[in-house]
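J.: In the numbering used here, the protein residues as written are 1186 to 1625. Even glycine gets a Cβ: it sits at the ideal position worked out from N, Cα and C. Just so it is clear, the structure is predicted and the values come from calculations on it, not from any experiment. The structure that follows is given in the form of structure tokens.
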Ligand SMILES: C[S@@+](CC[C@H](N)C(=O)[O-])C[C@H]1O[C@@H](n2cnc3c(N)ncnc32)[C@H](O)[C@@H]1O
């Protein structure tokens, strides 16, 4: 049996049915040549490139074509490495892009995304084999909640759409999220005002901490005493560590904590955290190994968040840690105050896009690690390229901006020695990268 679900086949192509933009659909038989970086099979047709979700290289597909989008009608010849998706929602839910490919080929696809981005920037470095960092699963998720009359819908957005897929299970969650969907449903029921037609909805952001679930509901504020008390009851029923609405704490039954290195960190509401515990362990382990091997004594951790690198490095090197999120910096500073035997850690709230550390400031350090958001760190990287810092480690969640920033460093005289892809977003099109640069 072919692995593509009937839902995948029912999925509407982009642009179809838009008022004022009707594009006639045609039918064609095509052969898929590559798997694109968003997980869509790509076929070269007479009319140009066709993007066909849920198809795989070598497959012969009967597809409904609208513009440059194809929708599988029938898989005439399936790829030998096609796999059965593990999730019943695959093909409808936009959370996962590639569950229909066997593991070795899936890993090679992700490594290839990084290799292609490097090649596009003219960087001649082989990406290493990808490290699987799924571990126990995603410990941080945002569930979307919408209410239709008395029915509450919970799930993730469909790919490239504003439509929500209702989900009952999610195989990428950590076991601590076993009641997450039920919880989100209860919160939607309690908070989202009944309306005629679909509501604007809300987002339920969940983090599995060591002391229980930390829950922040975004897009709504509590309305009156009764609703407040209903939320407190929900926090009790689901044994939440903390429940907040748009950052305002409604119930804190236990402080949400995580151990990082020797420190206990109190999580700020809604602050950044690597998606899986294993991802944090692998990324920080790679950073630590490179720093230790370099013999460095002091360094800067830029875009440091709550200190997943700084706190692990500070057992043997002095650190300056900078991030624009004041709550993350406060959580890190507090963890440092209460942890013994750390080397000095200086913490700074600083916008590194507008006000990057200058080359002169960076002169104080033996190494620099930077881990920016998806947009990359071009202003900061321009300063690093002018600096004499001997060791630079880039951690990134975006291959294109990683490669762009790497190009700036290489043009500034650094050698890109190693590129290690890390997979903490299993079955999604995201990939993390650790790059090591040296000024020889
Ligand atoms: C990918 S996270 C990395 C955090 C941390 N290294 C970790 O592993 O947990 C990116 C961090 O960049 C921070 N950030 C976003 N924009 C920033 C800016 N303009 N200046 C400084 N930090 C920024 C965020 O607050 C977030 O902590």
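1. Considering only heavy atoms of ligand 1, does any lie closer than 7 angstroms to the CB of residue 1551?
2. Scan the segment 1396 to 1478 and note each continuous alpha helix (DSSP H) run of 4 residues or more that stays entirely inside, going in chain order.
3. Let's see if you can read the secondary structure: which residues bound the alpha helix (DSSP H) around residue 1587?
4. Suppose only complete runs of 4+ residues qualify. What are the alpha helix (DSSP H) ranges in the segment 1491 to 1568, listed by chain order?
5. Can you pull the DSSP bridge partners for residue 1227?
6. Quick one: does the C-beta of residue 1491 sit closer than 7 angstroms to a heavy atom of ligand 1?
7. Does the beta-carbon of residue 1250 have 16 or more other beta-carbons within 10 angstroms, so that it is buried, or is it exposed?
8. Note down the Cα distance separating residue 1182 from residue 1346, rounded to an integer number of angstroms.
9. With H, G and I counted as helix, E and B as strand and the rest as coil, what does DSSP make of residue 1383?
10. So residue 1626 is in the beta strand (DSSP E); what residue range does that whole segment cover?
11. To the nearest angstrom, how far is it from the Cα of residue 1610 to the Cα of residue 1283?
12. In chain order, what residues of the same chain have a beta carbon less than 7 angstroms from the beta carbon of residue 1211, not counting five sequence neighbours either side?
13. With a threshold of 16 other CB atoms inside 10 Å of the CB of residue 1354, please say whether the residue is buried or exposed.
14. What's the call for residue 1462, buried or exposed, on a 16-neighbour Cβ count within 10 Å?
15. With distances taken Cα to Cα, identify the nearest neighbour of residue 1276 among 1351, 1242, 1228.
16. Which of helix, strand or coil does DSSP assign to residue 1370?
17. State the DSSP-derived secondary structure class of residue 1325, mapped to helix, strand or coil.
18. Work out the CA separation of residue 1604 and residue 1624 for me, nearest whole Å.
19. Which residue's Cα is closest to the Cα of residue 1313: 1298, 1325, 1326, 1323?
20. Using the rule of at least 16 other Cβ atoms within 10 Å of the residue's Cβ for burial, across every protein chain shown, is residue 1528 buried or exposed?
21. Mind the definition here: the segment 1467 to 1481 touches the segment 1514 to 1533 only if three or more C-beta pairs lie below 8 angstroms; say whether that holds.
22. Please find out if some non-hydrogen atom of ligand 3 comes closer than 7 angstroms to the beta-carbon of residue 1459.
23. Beta carbon of residue 1616, beta carbon of residue 1602: below 8 angstroms?
24. For residue 1557, verify whether its CB is less than 7 angstroms away from any heavy atom of ligand 1.
25. With a Cβ-Cβ cutoff of 8 angstroms, do residue 1372 and residue 1417 count as a contact?
26. Over what stretch of residues does the beta strand (DSSP E) that includes residue 1603 continue unbroken?
27. Taking the beta carbon of residue 1598 as the centre, do at least 16 other beta carbons fall within 10 Å, making it buried, or is it exposed?
28. If you run the structure through DSSP and keep just helix, strand and coil, what is residue 1375?
29. If I'm right that residue 1508 touches residue 1488 with Cβ under 8 angstroms, what's the distance once you round it to whole angstroms?
30. By the DSSP assignment, the alpha helix (DSSP H) with residue 1484 in it spans what residues?
31. Taking the continuous beta strand (DSSP E) assigned at residue 1579, which residues delimit it?
32. Determine, using beta carbons only, whether residue 1572 and residue 1590 come nearer to each other than 8 angstroms.
33. Whole angstroms are fine: how far does the CA of residue 1247 sit from the CA of residue 1226?
34. Might you give, ordered along the chain, the residues of its own chain that have their beta carbon closer than 7 angstroms to the beta carbon of residue 1245, omitting 5 neighbours on each side?
35. If you draw a straight line from the alpha carbon of residue 1481 to that of residue 1550, how long is it in whole angstroms?
36. Should residue 1585 be counted as a contact of ligand 1 given a C-beta to heavy atom distance under 7 angstroms?
T.: Straight from the coordinates:
1. Reading the chain shown from its first residue, position 366 is the one you call residue 1551. No, Cβ of residue 1551 sits at least 7 angstroms from all heavy atoms of ligand 1.
2. The qualifying runs are 1410 to 1422.
3. Translated into the one-based positions of the chain shown, residue 1587 becomes position 402. In the DSSP assignment, residue 1587 falls within the unbroken alpha helix (DSSP H) covering 1584 to 1596.
4. Within the segment 1491 to 1568, the complete alpha helix (DSSP H) runs of at least 4 residues fall at 1495 to 1498, 1511 to 1522, 1544 to 1547.
5. For the purposes of this step, residue 1227 is taken as the residue at position 42 of the chain shown. In DSSP, residue 1227 forms a bridge with 1219, 1236.
6. Residue 1491 sits at position 306 when you count from the first residue of the chain shown. Checking the Cβ of residue 1491 against ligand 1 gives yes.
7. In the chain shown, residue 1250 corresponds to position 65, counting from 1. The residue is buried, with at least 16 neighbouring Cβ atoms inside 10 Å.
8. Absent from the structure is residue 1182, since the part of the chain shown begins at 1186 and ends at 1625.
9. One-based indexing of the chain shown puts residue 1383 at position 198. At residue 1383 the pLDDT is 49, less than 50, meaning the model places this residue with poor confidence and gives no usable figure here.
10. Here the chain has residues from 1186 to 1625 only, and residue 1626 is not among them.
11. Residue numbering aside, residue 1610 sits at position 425 when the chain shown is read from its first letter. Residue numbering aside, residue 1283 sits at position 98 when the chain shown is read from its first letter. Straight-line Cα distance between these residues: approximately 11 angstroms.
12. Here the question's residue 1211 lines up with position 26 in the chain shown. Within the same chain, residue 1211 has close Cβ partners 1250.
13. Here residue 1354 corresponds to residue number 169 of the chain shown, with the count starting at 1. Answer is exposed; the Cβ neighbour count stays below 16.
14. Here the question's residue 1462 lines up with position 277 in the chain shown. Answer is buried; the Cβ neighbour count reaches 16.
15. Counted from its first residue, the chain shown places residue 1276 at position 91. Out of 1351, 1242, 1228, 1351 has the C-alpha closest to the C-alpha of residue 1276.
16. Taking the chain shown and counting its residues from 1, the one referred to as residue 1370 is at position 185. If DSSP states are grouped into helix, strand and coil, residue 1370 belongs with the helices.
17. Here residue 1325 is taken as the residue at index 140 of the chain shown, counted from 1. Residue state, collapsed to three classes: strand.
18. Indexing the chain shown from 1 puts residue 1624 at position 439. Indexing the chain shown from 1 puts residue 1604 at position 419. Spanning the two alpha carbons is a distance of roughly 16 angstroms.
19. Here residue 1313 is taken as the residue at index 128 of the chain shown, counted from 1. Selected option, being the one with the closest Cα: 1298.
20. Taking the first residue of the chain shown as position 1, residue 1528 is located at position 343. Exposed.
21. no
22. Looking at this structure, you won't find ligand 3 anywhere; what it does contain is ligand 1.
23. Within the chain shown, the letter at position 431 stands for residue 1616. Within the chain shown, the letter at position 417 stands for residue 1602. For residue 1616 and residue 1602, no; Cβs fall outside 8 angstroms.
24. Within the chain shown, numbered from 1, the residue matching residue 1557 stands at position 372. Residue 1557 Cβ: within cutoff of ligand 1.
25. As a working note, residue 1372 is residue 187 in the chain shown. As a working note, residue 1417 is residue 232 in the chain shown. No, these two residues do not count as a Cβ contact at 8 angstroms.
26. Indexing the chain shown from 1 puts residue 1603 at position 418. Looking at the DSSP string, the run of the beta strand (DSSP E) that includes residue 1603 is 1600 to 1608.
27. The residue labelled residue 1598 in the question sits at position 413 within the chain shown. Flag for residue 1598 reads exposed.
28. The count along the chain shown starts at 1 and reaches residue 1375 at position 190. Residue state, collapsed to three classes: helix.
29. As a first step, residue 1508 is located in the chain shown; it is residue number 323 there, counting from the start. As a first step, residue 1488 is located in the chain shown; it is residue number 303 there, counting from the start. A Cβ-Cβ separation of about 6 angstroms places residue 1508 in contact with residue 1488 under the 8 angstroms criterion.
30. If you number the chain shown from 1, residue 1484 lands on position 299. Not the alpha helix (DSSP H): residue 1484 falls in the beta strand (DSSP E), residues 1483 to 1487.
31. Working through the chain shown from its first residue, we reach residue 1579 at position 394. It spans 1576 to 1581 - the beta strand (DSSP E) in which residue 1579 sits, taken as one unbroken run.
32. Start at 1 with the first residue of the chain shown, and residue 1572 comes out as number 387. Start at 1 with the first residue of the chain shown, and residue 1590 comes out as number 405. Not in contact: residue 1572 and residue 1590 (Cβ atoms no closer than 8 angstroms).
33. In the chain shown, counting from the first residue as 1, residue 1226 sits at position 41. In the chain shown, counting from the first residue as 1, residue 1247 sits at position 62. C-alpha of residue 1226 to C-alpha of residue 1247: approximately 13 angstroms in a straight line.
34. Locating residue 1245 in the chain shown gives position 60, where the first residue counts as 1. Hits under 7 angstroms: 1214, 1216, 1261, 1262.
35. Counting from 1 along the chain shown, the entry for residue 1481 is found at position 296. Counting from 1 along the chain shown, the entry for residue 1550 is found at position 365. Each residue's Cα considered, the two are about 8 angstroms apart.
36. Here residue 1585 corresponds to residue number 400 of the chain shown, with the count starting at 1. Checking the Cβ of residue 1585 against ligand 1 gives no.
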